[in-house]
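Chemist: Okay, so the sequence shown: first residue is 2 according to the working numbering, each after it adds one. Where is the CB? At the ideal position from N, CA and C, for every residue including glycine. Sending over a structure as structure tokens; questions will come in a sec.
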Amino acid sequence: TPKPDDIAFLVYTSGTTGLPKAAMNTHANVAFNAQAIANWYSAEDGDSVLGLAPLFHVTGLIAHVAKSWFLAAPLILCFRFEPGVVLEALVEYRPAFTVSAITAFIALLSNPACTPDKFASLKVVVSGGAPIPPAVVDEFRARTGHYIHNGYGLTETNAGVIAVPHKAVAPVDPASGALAIGVPKFNASVWIADENGMPAPVGEAGEIVVSGPAVSSGYWKKPKETAEAMRSDGFRTGDVAFMDERGWFYIVDRKKDMIVASGFKVWPREVEDVLYGHPAVREAAVIGVTDPYRGETVKAVVSLKPGASVTAADLDAHCRAKMAAYKRPQQIEIVEDLPKTVTGKILRRMLR
2 TPKPDDIAFL VYTSGTTGLP KAAMNTHANV AFNAQAIANW YSAEDGDSVL GLAPLFHVTG
62 LIAHVAKSWF LAAPLILCFR FEPGVVLEAL VEYRPAFTVS AITAFIALLS NPACTPDKFA
122 SLKVVVSGGA PIPPAVVDEF RARTGHYIHN GYGLTETNAG VIAVPHKAVA PVDPASGALA
182 IGVPKFNASV WIADENGMPA PVGEAGEIVV SGPAVSSGYW KKPKETAEAM RSDGFRTGDV
242 AFMDERGWFY IVDRKKDMIV ASGFKVWPRE VEDVLYGHPA VREAAVIGVT DPYRGETVKA
302 VVSLKPGASV TAADLDAHCR AKMAAYKRPQ QIEIVEDLPK TVTGKILRRM LR
């Protein structure tokens with residue numbers, strides 16, 4: 002008979018920032034977060050789940066499979082993500098809950114059949130895995146009548162540990178334009194560490210540190226990596242964020258993705274949010290590229306919505322009007338599609 006601290010799953014990280022590692026997620030981790038997700042979103046017994054995330058990914062395992070087990074609820078699966086098939090499944094099976102990467106919801110918005118009636122059965126829509134541009138949340142709500150509840154978690158935290166409460170609306174930080182990822186879920190201890198590993202003041206960016214019953218016991222056969230990440234004061238996520246005076250958390254970016262242009266720090270997410278605000282932009286990724294004068298400079302790679310037409314000069318003018326000169330992309334490339342992981346995360350490293 003398995004014990005609570007026995008390994009339930011070896012779940013590999015996505016590998017977006019390096020070689021994948023297998024997180025040792027225990028039965029206690031899985032059971033706790035399945036119940037926490039269900040309770041957080043006010044789910045009831047039998048509330049069916051539309052599974053848009055792959056089941057080998059921690060979101061699929063916990064927010065789809067384990068949550069369905071906990072609620073004794075049907076789990077609706079599609080062979081692969083196709084916007085038209087998903088819209089048909091929404092009508093035929095009438096799920097109450099779904100969660101996916103924001104790129105999936107962007108793809109649904111690009112389908113002309115995306116209308117409010119298709120989403121009528123849903124009680125809650127959740128997205129995680131990457132920062133959500135406020136412009137996409139606004140468009141999704143206008144087109145479907147549903148608000149996308151932001152959430153934050155990692156393979157090592159068995160999916161979400163920070164999330165927007167059910168029926169709440171996440172604030173937007175007036176200074177950065179970032180959409181809040183939420184507040185800590187049940188029994189999750191979350192704080193921001195400064196460069197010295199000490200608690201950062203309210204409003205100051207630092208690394209997210211998490212502890213609690215959802216956190217993995219470490220990495221399979223990787224004691225060095227486990228010791229580096231799973232410290233006595235919590236799991237070091239590698240994600241940069243800040244907390245406001247009301248306790249809402251806001252993602253800034255991955256520590257490794259920061260661009261230093263002429264000595265100025267530029268966070269890709271902030272520039273991407275501005276690009277998503279252009280009506281022609283479907284997806285955007287911002288990276289740092291070598292520059293002989295600035296050391297690094299900002300490059301944007303974007304894909305366009307179906308039927309949209311825009312030039313790099315148009316996007317440059319849009320950025321000039323909305324951000325400081327040192328943050329503005331010096332290079333803009335328009336492509337047909339952006340590289341992604343199988344779970345829908347945009348792969349910035351493939352663009353470098």
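How is the alpha helix (DSSP H) around residue 91 delimited, first residue to last?
Modeler: From DSSP, the alpha helix (DSSP H) with residue 91 extends over 84–94.
Chemist: With which residues is residue 292 paired in a DSSP beta bridge?
Modeler: Answer is 296, bridged to residue 292.
Chemist: Nearest to residue 153 by CA position, among 109, 196, 103, 197, is which residue?
Modeler: Comparing Cα positions, the closest option is 103.
Chemist: Sort out for me which residues DSSP pairs residue 25 with in a bridge.
Modeler: In the DSSP output, where bridge partners are listed per residue, residue 25 has 11.
Chemist: Could you name the residues of the same chain whose beta carbon sits closer than 8 Å to that of residue 25, not counting the 5 residues immediately before and after it, in chain order?
Modeler: Here the set comprises 8, 11, 217, 218, 219, 220, 221.
Chemist: In the DSSP assignment, what residue or residues form a beta bridge with residue 244?
Modeler: DSSP output for residue 244 lists 250 as bridge partner(s).
Chemist: Out of curiosity, what's the CA-to-CA distance linking residue 23 and residue 13?
Modeler: Distance between the alpha carbons of residue 23 and residue 13: 4 Å.
Chemist: Following the continuous alpha helix (DSSP H) through residue 70, name the residue where it begins and the one where it ends.
Modeler: Start and end: 68–72.
Chemist: When the Cα of residue 260 is compared with those of 32, 213, 328, 33, which residue comes out closest?
Modeler: Residue 328 is the option with its Cα nearest to residue 260.
Chemist: What's the C-alpha gap between residue 299 and residue 331?
Modeler: Roughly 6 Å separates the two Cα atoms.
Chemist: Output the distance between the C-alpha atoms of residue 250 and residue 80, rounded to the nearest integer angstrom.
Modeler: Looking at the two C-alpha atoms, the distance is approximately 35 Å.
Chemist: Any idea what DSSP makes of residue 332, helix, strand or coil?
Modeler: If DSSP states are grouped into helix, strand and coil, residue 332 belongs with the strands.
Chemist: Report whether the distance from the Cβ of residue 349 to the nearest heavy atom of the ligand ZN is below 7 Å.
Modeler: In the structure on display, the ligand ZN does not appear, and there are no ligands present to speak of.
Chemist: Check the Cβ-Cβ distances between residue 349 and every residue of chain D, and say whether any is below 8 Å.
Modeler: Of the chains in the structure shown, none is chain D; there is only one protein chain.
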